[in-house]
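S.K.: If you count by my numbering, then the sequence shown holds residues 296 to 709, one letter each, in order. We put the CB at the ideal spot given by N, CA and C, even for glycine. Since the structure is predicted, the reported quantities are computational estimates derived from the model, not experimental observations.
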Amino acid sequence: MLLVGFAAFCAYLLRNGISAANTTIQQELHLDDEQMGKILAAFGTAYFICQVPGGLLGKVLGSRIGFTIVTAGCAIGNLWSTLVSSLSSLWIARFTMGIFQAGLTPISARIIKAWMPIKSRGMSSAVIAASMSIGSVVTVAFTGALLEEGMSWQTIFVGFSIVSFIWCVVFLWYFRNKPDSHPGIGNKELSLIQTGRDPNQTSDNFNWQQLLDVLKTPGLTGLCVQSFFRAAGYIFFVTWFFAFLEYKYGIDKKQAGLLTSLPLMAVVIGSLTGGYLVDFLYRRTGSRNISRSATAFITLLFSGLFTLGSAWPDSATGLSVMIAIGALFSGAGSPAAWAATVDVGDRNAEVAMGVMNMAGSLSGIVLPWLLGSWFKEIRQSDGDWNQIIYLHAAFYFCAAFCWLFVKPDKVVAT
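1) Please report how far the alpha carbon of F548 lies from the alpha carbon of E444, in whole angstroms.
2) Please classify D784: is it buried, with 16 or more other beta-carbons within 10 angstroms of its beta-carbon, or exposed?
3) Jot down the residue ranges of each uninterrupted alpha helix (DSSP H) in the stretch 335-387, minimum 4 residues, whole runs only, in chain order.
4) For S447, name the three-state secondary structure that DSSP assigns.
5) Rounded to whole angstroms, what is the Cα-Cα separation between G659 and N482?
6) Quick one: grab the DSSP three-state call for R471.
7) Assuming A631 and A591 form a contact by the criterion Cβ under 8 Å, report the distance between their Cβ atoms to the nearest whole angstrom.
8) For a test of the three-state rule: what should DSSP assign to A619, helix, strand or coil?
9) What do you get for S605, buried or exposed, if any count of 16 or more other CB atoms within 10 angstroms of its CB means buried?
10) Per the contact definition of three or more C-beta pairs closer than 8 Å, is the stretch 661-668 in contact with the stretch 332-343?
11) For G621, I'd like the list of residues in its chain whose CB is within less than 6 Å of its CB, leaving aside the five on either flank, ordered along the chain.
12) Have a look at C697 and F670 and give me their C-alpha separation to the nearest angstrom.
13) F466 and N373 look like a contact to me (Cβ under 8 Å); what is the Cβ gap, rounded to whole Å?
14) According to DSSP, is K702 helix, strand or coil?
15) Measure the alpha-carbon distance for T340 versus F532 and round it to whole angstroms.
16) Could you name the residues of the same chain whose beta carbon sits closer than 6 Å to that of L252, not counting the 5 residues immediately before and after it, in chain order?
17) Once DSSP output is grouped into helix, strand and coil, what is the label at T497?
18) Shortest alpha-carbon distance to H687 belongs to which of I364, G545, F523 and S610?
19) Is DSSP giving S556 helix, strand or coil here?
20) Identify whether M411 lies in helix, strand or coil by the three-state DSSP scheme.
21) Is A611 closer than 7 Å to L553 when the C-beta atoms are compared?
22) Kindly give me the distance between the Cβ atoms of G398 and V365, rounded to whole angstroms, as I take these residues to be in contact under 8 Å.
23) Within 7 Å of any Cβ in chain C, is that where the Cβ of I451 sits?
24) Please identify the residue among S314, K702 and L309 whose C-alpha is closest to the C-alpha of I530.
25) Within 10 Å of its beta-carbon, does S566 have 16 or more other beta-carbons around it, so buried, or fewer, so exposed?
26) Helix or strand or just coil, what does DSSP make of L326?
27) Between which two residues does the alpha helix (DSSP H) containing H687 stretch?
28) Measuring CB to CB, does W462 end up less than 7 Å from C305?
29) Do C369 and L309 have their CB atoms nearer than 7 Å?
30) So G604 is in the alpha helix (DSSP H); what residue range does that whole segment cover?
31) Starting from the Cα of I394, find the closest Cα among S431, G350 and V435 and give me that residue.
32) Please report the straight-line C-alpha distance between M411 and F362, rounded to a whole angstrom.
33) Please work out which residues of its chain come closer than 6 Å, Cβ to Cβ, to S588, disregarding the five sequence neighbours upstream and downstream, and give them in chain order.
34) Taking just the CA atoms, how far does M446 sit from E672?
35) Just the C-alpha distance for I593 and I480, rounded to the nearest angstrom, thanks.
36) Using 8 Å for Cβ pairs, my map puts W633 next to S420. What's the rounded Cβ distance?
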């Protein structure tokens with residue numbers, strides 16, 4: 296799982312560097328907030344369109360080849376973005392990145408399904424979710440600090456791509472699609488992995504009936520809707536929160552980077568805690584409804600409450616700390632969503648994950664554009680920045696409500 300976790304780290308290193316470079320790129324390319332919102336939405340648009348195809352890529356080519364392709368393709372798109380000189384060319388580069396990175400989550404689900412025993416799916420999902428946020432923490436903090444020191448955003452982005460290319464070489468050399476194909480896995484490990492399930496559960500064959508089966512899954516609608524709202528809360532951190540702090544409080548890029556990293560690091564801690572909690576509750580109760588749905592409902596409810604409370608502090612630090620506490624609870628609910636989707640997807644886990652993540656990625660289309668337009672209006676009218684916070688809290692409350700309709704003990708027909 297360390298290799299898969301590092302892939303997630305690299306993906307978010309590439310994806311979210313633009314958050315810290317937001318206002319710098321605007322100045323260099325002469326863009327306003329609304330135009331930058333469209334560029335940020337370009338990634339989300341491609342990410343949405345290619346979720347299910349990304350899952351199918353892993354199913355047809357196998358996780359080893361599929362994962363390498365999506366990571367290398369995203370790194371190439373990131374390099375392309377360093378050569379642009381206009382809104383349209385940057386939009387295309389970000390769109391290209393979204394096409395490739397769309398396969399990350401569904402193929403990760405396939406790897407979890409093939410390599411991890413049922414009782415460890417929560418922590419496995421947590422490692423991946425935490426790695427994503429660690430990538431975001433590093434890219435936001437480092438990019439902000441390096442920009443403040445005078446380094447160009449293009450140079451920083453090239454460095455991030457090089458890290459991803461190195462990972463591709465290591466993964467392609469070491470990883471195998473199935474545990475029994477890996478020379479380092481013995482009979483004891485294989486027995487542990489296969490405990491409680493059909494050893495042939497992960498199918499390499501695809502037909503369109505599998506997608507139809509996934510779409511008929513009880514509870515999938517709730518998983519998809521919660522994914523939209525939960526992702527919307529996270530999207531704010533990795534698109535506009537850095538600029539929000541700059542605009543509202545007038546702080547420099549280094550401080551904005553450090554404060555933006557607080558909620559992202561809180562997501563890491565929350566994800567790992569949530570992963571442990573999901574597995575612990577499943578071992579104690581044997582109920583996926585309790586370990587998945589109840590955990591997600593409670594954590595997202597608290598996330599909404601703390602996020603709402605962040606509107607009251609007067610300082611950038613106070614707001615960021617409250618936002619971070621809310622993000623910690625949100626992160627704690629993330630492994631439950633991953634584990635529940637793998638559960639209900641059963642043999643078609645990567646397709647189910649693609650559908651769920653596709654719903655979540657809709658927020659990556661709508662929210663960056665919406666916030667870009669809203670930021671422009673607030674700056675022009677000297678409006679109330681707390682409106683953004685109220686919307687952010689509402690996302691988490693809506694996500695919590697959706698979990699009342701998710702029953703992961705029920706799986707798709709196969």
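M.R.: Checking against the coordinates, here is how it stands:
1) Reading off the sequence shown, one finds Lys at residue 548, where the question assumed Phe. Going from the Cα of K548 to the Cα of E444 covers about 10 Å.
2) Because the chain here runs from 296 to 709, residue 784 falls outside it and cannot be looked at.
3) 346-356 and 358-376
4) coil
5) 43 Å
6) coil
7) 4 Å
8) helix
9) buried
10) yes
11) S598, F601 and T602
12) 29 Å
13) 18 Å between Cβ atoms; not a contact.
14) coil
15) 18 Å
16) What the structure shows of the chain is the stretch from 296 to 709, and residue 252 is not part of that stretch, so it cannot be assessed.
17) Residue placement at T497 is flagged as unreliable, the pLDDT there being 48, under the threshold of 50; the coordinate-derived value follows with that caveat. Looking at T497 - three-state DSSP - the assignment turns out to be coil, as it is neither helix nor strand.
18) F523
19) helix
20) coil
21) no
22) 4 Å
23) Judged by its chain identifiers, the structure shown contains no chain C, having just a single protein chain.
24) S314
25) buried
26) coil
27) N681 to C697
28) yes
29) yes
30) T590 to G604
31) G350
32) 17 Å
33) W698 and V701
34) 31 Å
35) 38 Å
36) 3 Å
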